[in-house]
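A quick write-up on the structure given underneath.
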Amino acid sequence: MSRFRDRLPTPDRRLVLRAGLAATAAFAAVPGLTAPSDKPLKIGTGGGPLAEILNFAVAKAKEKGLEVQVVEFTDWITPNEALANGDIDANLFQHIPFMTAASKARGYKFAAVAPTYVMPVGLFSNKVKTFAEVPDGAWVAIANDPVNGARGLRLLDKAGLIKLKPGAGDDATVIDIVSNPKKLRFRELEAAQLPRSLDDVTLAQVSISFLMMSGGDPERALLADGFGDDHYALQFVTRAADKDDPRLKRFIEIYRSPEVKAFIQSKYGRFFVPVW
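The structure is reproduced here in structure tokens:
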């Protein structure tokens, strides 16, 4: 019995315990403050402009007491694997068509929580200045993931270089080409590799983000898509079970603010179009 008494808090210890609990409760009751035990929100994204915009918003969040960590990835596969494995809490690099295709292929249980901006994809060339100059049998590089490869083919259709079968949409592949008068040949590459292919092919479909990261000029696009088309708006994506995470909801409010919108428009002009 004496041993049990020895384990009971002394009056002084009880006072300290009560004071600590009261301080914690008072801290939690103050709007805008994050409890010390809360883990930082981890968000995965791509490099270059995507990370730059996200980090600008993260700095604003920190001013408001919300800790957010940015995790940069160099491809379009690992961010979803990291999210599915619980290594990050959300990611920001993909639009809904891409998320839907990736989830179908890999069994992800994701939810798109909020759109941010549209990042166009363009057709670029280091060898020709107009589509009329594209020679017969030219090599064309497009993305090797299903949705963005389809996006590149639709751009080529719009340019008049090929004709896709009616109704070909986000699932379009080279098999859906019904007319190819110049007998174009296709190379399917990872999106990050497409800017580097410009010296080897006549045309390449390139994401504006990867182009800018490689030092390219987006104004050199022969044709681009996505300007304000929210079908291609990049989304905050999280695991479906965590779509109501209050930390993410609060950060999205900060991200979708007039300050961040002004930063995007001043930094990237017409090539990154906010949709809020």
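Mapped onto mature numbering (1 follows the signal peptide of the UniProt record, and there is no 0), the consecutive letters of the sequence shown carry residue numbers -28 to -1, 1 to 248.
Built from N, CA and C at the ideal position, the CB exists for glycine as well.
Item to check | Distance CB(Ala144)-CB(Ala163) smaller than 8 angstroms | outcome: For Ala144 and Ala163, no; Cβs fall outside 8 angstroms.
Item to check | Cut-off 6 angstroms between Cβ atoms - residues of its own chain near Asp142, not counting five sequence neighbours on either side | outcome: Cβ within range, chain order: Pro69, Val119 and Ala122.
Item to check | Chain-order list of residues whose beta-carbon lies under 7 angstroms from that of Ala212 (same chain, five-residue window excluded) | outcome: Excluding sequence neighbours, Ala212 sits near Lys81, Phe82 and Ala83.
Item to check | Cα-Cα separation between Lys32 and Val247, rounded to whole angstroms | outcome: If you take the alpha carbons of Lys32 and Val247, they lie about 20 angstroms apart.
Checklist entry - In this structure, does DSSP put Leu183 in helix, strand or coil? => result For Leu183, the three-state secondary structure derived from DSSP is helix.
Next on the checklist: Which of the three DSSP states is assigned to Glu160 in this structure?
Outcome noted: In the structure shown, Glu160 sits in a strand (DSSP, three-state: E or B).
Next on the checklist: I need the DSSP call for Asn57, collapsed to helix, strand or coil.
Outcome noted: Look at Asn57 here: in three-state DSSP terms it is helix.
Checklist entry - So is Asp172 buried or exposed if we call it buried at 16+ other beta carbons inside 10 Å? => result Only exposed fits Asp172, as fewer than 16 other CB atoms lie within 10 angstroms of its CB.
Next on the checklist: Can you tell me which residues form a DSSP beta bridge with Ile15?
Outcome noted: DSSP lists Val42 and Ala62 as partners of Ile15.
Item to check | Beta-carbon gap between Leu13 and Arg242 smaller than 8 angstroms | outcome: No; because the gap between Cβ atoms is not below 8 angstroms, this pair is not in contact.
Item to check | Contacting residues, own chain, Cβ-Cβ under 7 angstroms from Met184 (five flanking each side not counted) | outcome: Excluding positions up to five away in sequence, the list reads Gly20, Pro21 and Pro190.
Checklist entry - Of the choices Pro230, Arg192 and Glu53, whose alpha-carbon is the least far from that of Ser97? => result For Ser97, the nearest C-alpha among the options comes from Arg192.
Checklist entry - Of all the options Lys155, Leu166, Lys11 and Lys130, which has the alpha carbon lying nearest to the alpha carbon of Asp61? => result When only C-alpha atoms are compared, the closest one is Lys11.
Item to check | Cutoff 7 angstroms; reference Val106; Cβ partners in own chain excluding five residues on either side | outcome: Setting aside the 5 residues that flank it on each side, Val106 is surrounded in the same chain by Val100, Leu133, Lys154, Thr174 and Leu175, each with a C-beta closer than 7 angstroms to its C-beta; the list follows chain order.
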